[in-house]
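There are 2 protein chains.
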Amino acid sequence: MHALPAFLALLLLSAGLSAADASKKAPQKEIVWHDASQWKPAGRAWDDTPSHYSRLPQRAEGKVTKAVWRLSRNSAGLVVYFRTNAPVIHTRHEVSGELAKPHMTATGVSGLDLYARAPNGQWRWAGSSKPKNKIHEEKILNGATPEWRDYMLYLPLYNNTTSVEIGVPEGSGFEPVAPPQAKPIVYYGTSIAHGCSASRPGMTTPAILGRKLDTPVINLGFSGNGKMEPAMAGLVAEIDASVFVLDCLPNMSSLAADEITKRTENCIRAIRKKHPATPIILMEDRSYANAWILPRQFKKNETARAALRVAYETLAAEGVKGVTYVTGGQLFGDDDEGTVDSSHPSDLGMYRQAEILLPVLKRVLKE
Amino acid sequence: MHALPAFLALLLLSAGLSAADASKKAPQKEIVWHDASQWKPAGRAWDDTPSHYSRLPQRAEGKVTKAVWRLSRNSAGLVVYFRTNAPVIHTRHEVSGELAKPHMTATGVSGLDLYARAPNGQWRWAGSSKPKNKIHEEKILNGATPEWRDYMLYLPLYNNTTSVEIGVPEGSGFEPVAPPQAKPIVYYGTSIAHGCSASRPGMTTPAILGRKLDTPVINLGFSGNGKMEPAMAGLVAEIDASVFVLDCLPNMSSLAADEITKRTENCIRAIRKKHPATPIILMEDRSYANAWILPRQFKKNETARAALRVAYETLAAEGVKGVTYVTGGQLFGDDDEGTVDSSHPSDLGMYRQAEILLPVLKRVLKE
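Chains R and E supply the protein sequences, listed in that same order.
No gaps in the numbering here: position 324 of the first sequence is 474 in this note's numbering, and each next residue is one more.
No gaps in the numbering here: position 295 of the second sequence is 445 in this note's numbering, and each next residue is one more.
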């Protein structure tokens, strides 16, 4: 038996239990911790990142905007794969920023989210954490049957993650797993792709699609800053993707119409130059959930979509192939109930959007 | 023009604008505030409550458990009705407790949520607030066409609300609206009914059902404490309901099986004594989202449901009529994705649960 902290020994004694009694009742095994920075996470397109849980290469600093660079440090979409037969899985992780947003939970902003491969081959949800401090330790799974399983651990969406450790009881097996080798979906977008306001990191639209298609996803969502600047278009085009999803219009709708058109055309040309045949999904912006009552919001959707449509048609006329246009009107549903704040989807909106994109992705990935 | 605060005048001057210039660009009208404590909210079953935004009568103190009494001070399910033709609606409200939970947003715990009656008669979402402090002021709607509309303003789910004011620009019309007179759905339950983890106050299952059926709902959800004690059963039975929904099993599953059975039978008998023909919906507990991997959670669901089923069958054998039994297995969906933490539904789980209950309620309300 290993030493008990003095305060705990006192507590047990004062409750009429000796430390030895307590030990008999629930023998505590040592936790063996595994530092996830020792193997590569899925969802990270580059190796030369400024930190292990960061999304853009160091050389992008100074080329992308300061805001994009700052947001690229958020661990959105990064997933640690591992295998274990442990009945209990502990997590201990550290983030550097605010734990929550008013319209987004700490679990989503700063928490971890665990899925396991079920016997039928599907990824099924297993556990999430409820961070109350920047350093947070939790039994994320407690009482599983001790079979070997593959796990995916999604990292915090809207925080910089500085450390992730996975703990299993002494004697349980544990193996780091390298990220899947398949070409990833590259999902470039705004706060919505980034994950606001998923209740937990596994419930972003890109993450849901990744599980349903059992394929890796690169989340390049940058809150408020998915704007297809040339530097970002160039970085997106570097990735050897299975499909590119471009979901930037919710941020670009604040630009002039001709700028929306120009950036969209240039971004798609940059991708096509390097990837002549890779499918591209060009998404309209989601409808504001209160656009029905606020004419200004309705107009903003309409104007942005018209400008995006011009880009799509210009490229088609130029002979650019393989671009699928997805309309935005019902991405979060047809009842205005899919958002927390008009703009940002709850899990309901995230899920509905995934349901719309799933058949589109299946089709273009099969072609 | 009314006086500008000195700091604002300075700010405008330093930006090269005179106060008169700013005034020309965006003439600021005075806000006329309406204190919502001046008329009764919907969702409150009793008038003799200890505060305007509280859910149980004063005489319940000392009869219900301390925890239930404390939680009854939360404004879950209370809705302020009003009419206005204002293009801008301001809200200013105060809560007394923690703004958020790790797995629930401040918008849901402490925020306001606005719906408007659309021309087709449906309630459609219009705006929500993002509280950052206990006293929070916000333009919850900005830029509506200036038509007369009915509005519903849902109050915070998991906080004690001490004050709610609704502001409209000087010159706009405003009318308090009394709560609907129809018999309410009485929804008695746990944290799930109470609203954890809806992203905003309008997204609890009871609230969704209320809008879809266009009927008032009394939310008697008490986080961790929906346990059908005799005192609570008596209070529930006081209400002249259109239907009673009993959704307490997620909290009662920690009780012994025979206690679950006994309390359920006694609660339904108490209701039947006063309401011989009012429909009663008896709900099983939702499946834990990770019950597939955690045998203990699976067993907990199974044991509790068996005990509930005994109560249902005993009552049926006694000749008690009008009790509809709803199974719990798929209340939040069939894919384990409907919760934030295994137990508490996100908006996705809340919505799916409402979709299951809606046809049941429609049927029993028609009979």
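Just so you know, even glycine gets a beta-carbon here, dropped at the ideal spot from N, CA and C.
For residue i versus residue j, is the C-beta distance shorter than 7 Å?
i	j	result
Pro252 (chain R)	Lys190 (chain E)	no
Thr474 (chain R)	Ala439 (chain R)	no
Ala383 (chain E)	Thr428 (chain E)	no
Arg350 (chain E)	Thr257 (chain E)	yes
Leu385 (chain E)	Ala210 (chain E)	yes
Tyr337 (chain R)	Val395 (chain R)	yes
Gly352 (chain E)	Tyr304 (chain E)	yes
Val327 (chain E)	Phe448 (chain E)	no
Asp497 (chain R)	Ser225 (chain E)	no
Sort out for me which residues DSSP pairs residue i with in a bridge.
i	result
Met433 (chain R)	R:Val476
Thr311 (chain R)	R:Val245
Tyr301 (chain E)	E:Phe232 and E:Ala266
Ile181 (chain R)	R:Pro319
Ser278 (chain R)	R:Asp263
Leu291 (chain E)	E:Ile239
Phe324 (chain R)	R:Thr234
Ala192 (chain R)	R:Val229
Tyr337 (chain E)	E:Asn369 and E:Val395
Ile285 (chain E)	E:Glu244
Thr453 (chain E)	Its beta-bridge partners do not exist; DSSP assigns none.
Asn224 (chain R)	R:Asn310
Pro495 (chain E)	E:Thr489
Met378 (chain E)	Answer is none; Met378 (chain E) lacks a bridge partner.
Lys251 (chain E)	E:Met254
Using only CA atoms, which one of the options lies nearest to residue i?
i	options	result
Glu287 (chain R)	R:Lys362, R:Ile431 and R:Leu262	R:Leu262
Ile430 (chain E)	E:Ser437, E:Arg419 and E:Arg436	E:Arg419
Ile443 (chain E)	R:Pro200, R:Ile290, R:Lys449 and R:Thr365	R:Ile290
Pro207 (chain R)	R:Met433, R:Arg223 and R:Ala217	R:Arg223
Asp486 (chain R)	E:Trp183, E:Trp275, E:Ala226 and E:Arg267	E:Trp275
Tyr501 (chain R)	E:Glu315, E:Gly193, E:Arg233 and E:Gly483	E:Gly483
Asn270 (chain E)	E:Leu359, E:Ile285 and E:Asp300	E:Asp300
Met302 (chain E)	E:Thr312, E:Gly293, E:Gly277 and E:Ala294	E:Gly277
Leu264 (chain R)	R:Gln480, R:Ile358, R:Gln331 and R:Thr312	R:Ile358
Pro334 (chain R)	R:Ser492, R:Val214, R:Thr365 and R:Trp219	R:Thr365
Gly227 (chain E)	E:Ser279, E:Thr311, E:Ala266 and E:Val460	E:Thr311
Val476 (chain E)	E:Asp397, E:Trp273 and E:Ala441	E:Asp397
Lys179 (chain R)	R:Thr215, R:Leu481, R:Ala236 and R:Gln331	R:Ala236
His280 (chain R)	E:Val327, E:Ser492, E:Pro330 and E:Asn292	Just to set this straight, residue 280 (chain R) is Lys in the shown sequence, not His. The shortest Cα separation from Lys280 (chain R) among E:Val327, E:Ser492, E:Pro330 and E:Asn292 belongs to E:Ser492.
Ala407 (chain E)	E:Cys417, E:Val460 and E:Ser373	E:Val460
Ile342 (chain E)	E:Ala332, E:Ala328, E:Ser373 and E:Pro330	E:Ser373
Gly478 (chain E)	E:Ala332, E:Ile506 and E:Cys417	E:Ile506
Val230 (chain R)	R:Leu458, R:Arg194 and R:Arg446	R:Arg194
Leu405 (chain R)	R:Leu432, R:Ser260, R:Ala387 and R:Lys377	R:Lys377
Ile285 (chain E)	E:Gly469, E:Asp198 and E:Gly247	E:Gly247
Leu465 (chain E)	E:Pro326, E:Arg233, E:Leu432 and E:His494	E:Leu432
Asp197 (chain R)	R:Glu388, R:Val245 and R:Asp497	R:Glu388
Lys441 (chain R)	R:Gln480, R:Glu463 and R:Pro330	One point to set straight first is that residue 441 (chain R) is Ala, not Lys, in the sequence displayed. Answer by Cα proximity: R:Gln480.
Which same chain residues, not among the five before or five after residue i, have their C-beta less than 6 Å away from its C-beta?
i	result
Ser187 (chain E)	His202
Arg513 (chain E)	none
Met254 (chain E)	Cys346 and Ser347
His240 (chain E)	Ile181, Lys289 and Gly317
Arg455 (chain R)	Glu434
Ala217 (chain E)	Asn375
Val314 (chain R)	Ala186 and His243
Gly499 (chain R)	Phe482, Gly488 and Thr489
Lys450 (chain E)	Ser403
Asp171 (chain E)	Model confidence at Asp171 (chain E) stands at a pLDDT of 45, short of 50, so the residue's coordinates are unreliable; what they give is reported in the following sentence. So no residue of the chain qualifies.
Thr355 (chain R)	Met500, Gln503 and Ala504
Ala457 (chain R)	Ala407, Ile410 and Thr411
Gly339 (chain R)	Gly371, Gly376, Asp397 and Cys398
Looking only at its chain, what residues have a beta carbon closer than 8 Å to the beta carbon of residue i, apart from the 5 residues adjacent to it on each side?
i	result
Glu517 (chain E)	Pro429
Leu363 (chain R)	Ile335, Leu508, Leu511, Lys512 and Leu515
Glu297 (chain E)	Asn235
Glu379 (chain R)	Val214, Thr215, Val218 and Arg413
Beta-carbon within less than 7 Å of residue i's beta-carbon, same chain only, minus the 5 sequence neighbours each way: which residues are those?
i	result
Lys213 (chain E)	Ala381
Ala268 (chain E)	Arg274
Asn416 (chain R)	Pro380 and Ala383
Val92 (chain R)	The structure shown does not extend to residue 92 (chain R), since chain R spans only 151 to 517, so no value can be given for it.
Tell me, please, whether the stretch 413–429 of chain R touches the stretch 363–374 of chain R by the rule of three or more beta-carbon pairs shorter than 8 Å.
-> no
Is there contact between the stretch 344–356 of chain E and the stretch 316–330 of chain E, where contact requires at least three CB pairs shorter than 8 Å?
-> no
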